[in-house]
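Since the structure comes first, as structure tokens, the remarks are kept for the end.
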Amino acid sequence: MKFYSTNKKAEELSFDRAVLKGLATDQGVYMPKTVPVLPADFFNNIEAKSKEEIGFAVLEPYLRGVFDNATINEIISETINFDFPLVEVEQDVYALELFHGPTLAFKDVGARFLARCLSKCRPASGKVKVLVATSGDTGSAVAQGFLKVAGVEVVILYPKGKISKSQEQQLTTNGNNIEALEVDGDFDDCQRLVKTAFSDLELNEKLFLTSANSINIARLLPQSLYYFFAYQQLRNKSKKVVVSVPSGNYGNLTAGLLAKTMGLPIHHFVASTNANKSVPNYLETGQYEPLPSVATISNAMDVGAPNNFPRMQALLGDWEGMKKNISAFSYSDEQTKAAMLQVKSTRDYVMDPHGAVGYLGLQDYLKNNKDWQGIFLETAHPAKFKDIVDGVIQESIAIPERLQKFLDKEKQVVAMSKNYADFKSYLEA
Numbered sequence: 000m001k002f003y004s005t006n007k008k009a010e011e012l013s014f015d016r017a018v019l020k021g022l023a024t025d026q027g028v029y030m031p032k033t034v035p036v037l038p039a040d041f042f043n044n045i046e047a048k049s050k051e052e053i054g055f056a057v058l059e060p061y062l063r064g065v066f067d068n069a070t071i072n073e074i075i076s077e078t079i080n081f082d083f084p085l086v087e088v089e090q091d092v093y094a095l096e097l098f099h100g101p102t103l104a105f106k107d108v109g110a111r112f113l114a115r116c117l118s119k120c121r122p123a124s125g126k127v128k129v130l131v132a133t134s135g136d137t138g139s140a141v142a143q144g145f146l147k148v149a150g151v152e153v154v155i156l157y158p159k160g161k162i163s164k165s166q167e168q169q170l171t172t173n174g175n176n177i178e179a180l181e182v183d184g185d186f187d188d189c190q191r192l193v194k195t196a197f198s199d200l201e202l203n204e205k206l207f208l209t210s211a212n213s214i215n216i217a218r219l220l221p222q223s224l225y226y227f228f229a230y231q232q233l234r235n236k237s238k239k240v241v242v243s244v245p246s247g248n249y250g251n252l253t254a255g256l257l258a259k260t261m262g263l264p265i266h267h268f269v270a271s272t273n274a275n276k277s278v279p280n281y282l283e284t285g286q287y288e289p290l291p292s293v294a295t296i297s298n299a300m301d302v303g304a305p306n307n308f309p310r311m312q313a314l315l316g317d318w319e320g321m322k323k324n325i326s327a328f329s330y331s332d333e334q335t336k337a338a339m340l341q342v343k344s345t346r347d348y349v350m351d352p353h354g355a356v357g358y359l360g361l362q363d364y365l366k367n368n369k370d371w372q373g374i375f376l377e378t379a380h381p382a383k384f385k386d387i388v389d390g391v392i393q394e395s396i397a398i399p400e401r402l403q404k405f406l407d408k409e410k411q412v413v414a415m416s417k418n419y420a421d422f423k424s425y426l427e428a
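Here the sequence shown is numbered in numbering that gives the first Met the number 0, starting from 0 and rising by one per residue.
Right under this line is the structure:
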């Protein structure tokens with residue numbers, strides 16, 4: 000299969016070359032030239048399949064010709080070797096818990112898949128330098144996914160003072176081949192530095208650079224598995240299904256749209272956002288205008304210029320196509336906290352701030368679609384936002400052991416300005 004740039008001015012590449020390239024030379028992001036549609040039989044018998052069988056059926060068409068079947072199975076089994084439980088929070092409202100991986104966040108899947116693909120298709124000589132901007136969970140997942148991977152060095156950029164303590168500890172305490180840069184700016188500044196580095200021809204002649212953000216197609220593709228796993232676990236498949244996705248860079252939502260395009264019977268999506276409303280504004284007005292990012296308690300969604308908007312357009316086409324498939328709602332921190340408290344008080348279920356935004360969006364959609372059932376994505380363990388969660392629910396939640404081990408380590412970080420010349424000098428040195 001070939002992958003094309005959404006700007007349509009760059010060469011079409013095979014999967015391995017697209018993964019190594021990360022961002023296309025025309026500054027577009029890669030998309031598969033064709034999206035395979037799975038047969039109806041696959042969905043009729045999905046309950047009998049293992050996670051690995053589902054993973055192979057979904058991802059093999061994209062990897063065919065690059066890896067053999069044994070390698071594809073190995074990559075998939077190592078990527079998804081933990082649980083993805085669908086938990087009923089209230090009648091016809093389910094939380095898909097995506098925080099049972101190594102760093103307790105949904106980005107573990109994309110990071111682990113990318114690390115394994117990259118290690119198998121990297122150049123035979125020389126090191127690959129992976130650049131990643133993070134608003135929280137991407138950095139920690141990438142750090143763990145790539146830790147001690149031979150021939151790969153990782154540079155993580157995160158905005159100073161704008162991620163949670165546990166997120167910061169997970170991405171700054173690894174050492175080895177993982178470097179963390181604390182940028183004096185916001186997430187959009189971090190993302191701009193990374194994108195500028197990829198377009199810097201002089202720098203790219205010296206270093207082999209690639210991306211671990213959702214810019215990279217290998218981060219995006221495996222996230223489509225979440226939606227297959229959720230559908231597999233639904234007891235009643237006769238009701239229409241809507242999925243509410245907490246959205247920042249929109250990679251997770253784009254992966255859901257990809258799953259739907261492959262035939263998965265999801266009838267609608269909700270893009271649930273915080274104060275960063277570029278996409279909700281677009282769906283309301285038809286005019287897309289990236290905005291400066293706004294800091295919120297759901298910090299992983301604090302993105303004003305989402306990378307994956309062009310991919311959503313590639314899958315859905317024009318404004319009408321977007322509106323037909325996606326509804327969008329945005330919520331304040333106060334509304335997010337109120338939802339966290341209400342669900343804990345009435346259902347004894349603890350949500351993190353991102354999941355709470357997803358829950359709110361689902362509730363708003365179901366008000367006018369009462370005969371539907373809905374799923375919202377719980378993207379991170381509440382303990383990753385312990386200070387916020389404890390304060391809202393007036394309870395001290397337990398910290399899982401695999402998170403506590405990061406909190407006890409010493410931070411290793413380099414201070415960095417938001418000036419590209421400083422960043423380039425650091426990379427060259």
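Glycine included, each C-beta is placed from N, C-alpha and C at the ideal position. Quantities reported herein were computed from a predicted structural model and do not represent experimental measurements.
Environment of residue i [buried if 16+ CB atoms lie within 10 Å]
i, result
"S4", "buried"
"R115", "buried"
"Q143", "buried"
"T295", "buried"
"S163", "buried"
"A123", "exposed"
"A196", "buried"
"P270", "Note on identity: in this sequence residue 270 is Ala, with Pro being the wrong assignment. Classification of A270: buried, given that the 10 Å Cβ count is 16 or more."
"P158", "buried"
"D370", "exposed"
"G54", "buried"
"D188", "buried"
"L376", "buried"
"P31", "buried"
"T133", "buried"
"V349", "buried"
"D185", "buried"
"D317", "exposed"
Cβ-based neighbour list, residue i, same chain, cut-off 6 Å, excluding 5 preceding and 5 following
i, result
"S128", "Residue identity check: residue 128 is Lys in the sequence provided, not Ser. These residues qualify, in order along the chain: E152, L206, L208."
"I374", "Y93, L95, A229, V242"
"E11", "K1, Y3"
"G135", "I162, Q166, N298, A299"
"K276", "S329"
"D351", "A379, P381, F384"
"L290", "S277, G303"
"I325", "F268, A270"
"A254", "L219, Q222, S223"
Same chain only: Cβ atoms within 8 Å of residue i, ignoring 5 sequence neighbours per side
i, result
"V412", "T171, A179, L180, E181"
"F42", "Y230, G262, L263, P264"
"K408", "Q168, T172"
"N6", "A23, D25, Q26, G27, P309"
"L202", "A196, L208, K423, L426, E427"
"M321", "Y281, L282, M311, Q312, L315"
For residue i, the three-state DSSP class (helix, strand or coil)
i, result
"M180", "Note on residue identity: the sequence assigns Leu, not Met, to residue 180. In the structure shown, L180 sits in a strand (DSSP, three-state: E or B)."
"F372", "According to the sequence provided, residue 372 is Gln. The question's Phe does not apply to it. Here Q372 sits in strand by DSSP."
"K1", "strand"
"Y249", "coil"
"K417", "coil"
"V302", "coil"
"F474", "Since the first residue shown for the chain is 0 and the last is 428, residue 474 is missing from the structure and cannot be characterised."
"K161", "coil"
"P31", "strand"
"I214", "coil"
"S49", "coil"
"F197", "helix"
"K128", "strand"
"Y287", "coil"
"A258", "helix"
"V293", "coil"
"H267", "strand"
"F105", "coil"
"A382", "helix"
Anticipated Cβ contact below 8 Å, residue i with residue j, distance rounded
i, j, result
"I396", "K385", "6 Å"
"F98", "F105", "7 Å"
"T272", "A327", "7 Å"
"R121", "L252", "No, R121 and L252 are not in contact; Cβ-Cβ is about 29 Å, not under 8 Å."
"L233", "V193", "Not a contact, Cβ separation roughly 38 Å."
"A149", "S118", "7 Å"
Other residues of its chain near residue i: CB distance less than 7 Å, five sequence neighbours each side excluded
i, result
"V86", "Y93, A94, E96"
"K50", "I79, F228"
"T387", "One point to set straight first is that residue 387 is Ile, not Thr, in the sequence displayed. Only I296, P352 meet the Cβ criterion."
"S139", "T102, A104, Q166, Q169, L170"
"V293", "A274, N275, D301"
"K88", "The identity of residue 88 in the sequence shown is Val, whereas the question assumes Lys. Counting only Cβ-Cβ distances below 7 Å, and skipping sequence neighbours, we find A94, V342, R346, Y348."
"I429", "Within the shown structure, residues of the chain are numbered from 0 to 428, placing residue 429 beyond reach of any answer."
Subject >> Stretch-stretch touch, CB-based, cutoff 8 Å, three pairs: the segment 351-362 with the segment 332-341 >> reply: yes
Subject >> Cβ contact (3+ pairs, closer than 8 Å) linking the segment 44-64 and the segment 220-229 >> reply: yes
Original post:
Between the segment 360-373 and the segment 302-317, are three or more C-beta pairs nearer than 8 Å?
Top reply: no
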